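According to the numbering used here, the stretch in the sequence shown is residues 177 to 250, in order.
Below is one structure, written out as structure tokens; comments come after it.
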Amino acid sequence: MRADTARFRTDDPDALVRASLACPICLRSDDLEWHAALDGYDPSVECRCPRCEESWRVYLEPQQALRLALLGAV
Ligand SMILES: [Zn+2]
């Protein structure tokens, strides 16, 4: 599985936060399936693009995990 680190800043608007998790192939950030593991030492989000059938994992800083939780999308 691909792995990446999140590139958004905690004060970025929602759209940018979502865009940072976009599919690496088709670059879509909507209609993704997200499975967040925001607790624990190494928070991450597992994403899956239903169109490309590609899965990838994005690793987050604790502050980014908090930001993503506030987004309410995971
Ligand atoms: Zn895709």
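Note that the Cβ used here is the ideal one computed from N, Cα and C, for glycine as well.
Keep in mind the model is a prediction, meaning the values are calculated, not measured.
- By the neighbour-count criterion, in which 16 or more other beta carbons inside 10 Å mark a residue as buried, Gln240 falls on the buried side.
- Note on Cys223: 16 or more other CB atoms within 10 angstroms of its CB, so buried under the neighbour-count rule.
- Arg194 and Met177 have their alpha carbons spaced roughly 20 Å apart.
- Around the beta carbon of Ala191, a 10 Å sphere encloses fewer than 16 other beta carbons of the protein chains shown; the residue is thus reported as exposed.
- In this structure, Glu209 has its beta carbon at no less than 8 Å from each heavy atom of ligand 1.
- For Asp190, the uninterrupted alpha helix (DSSP H) segment begins and ends at 190-195.
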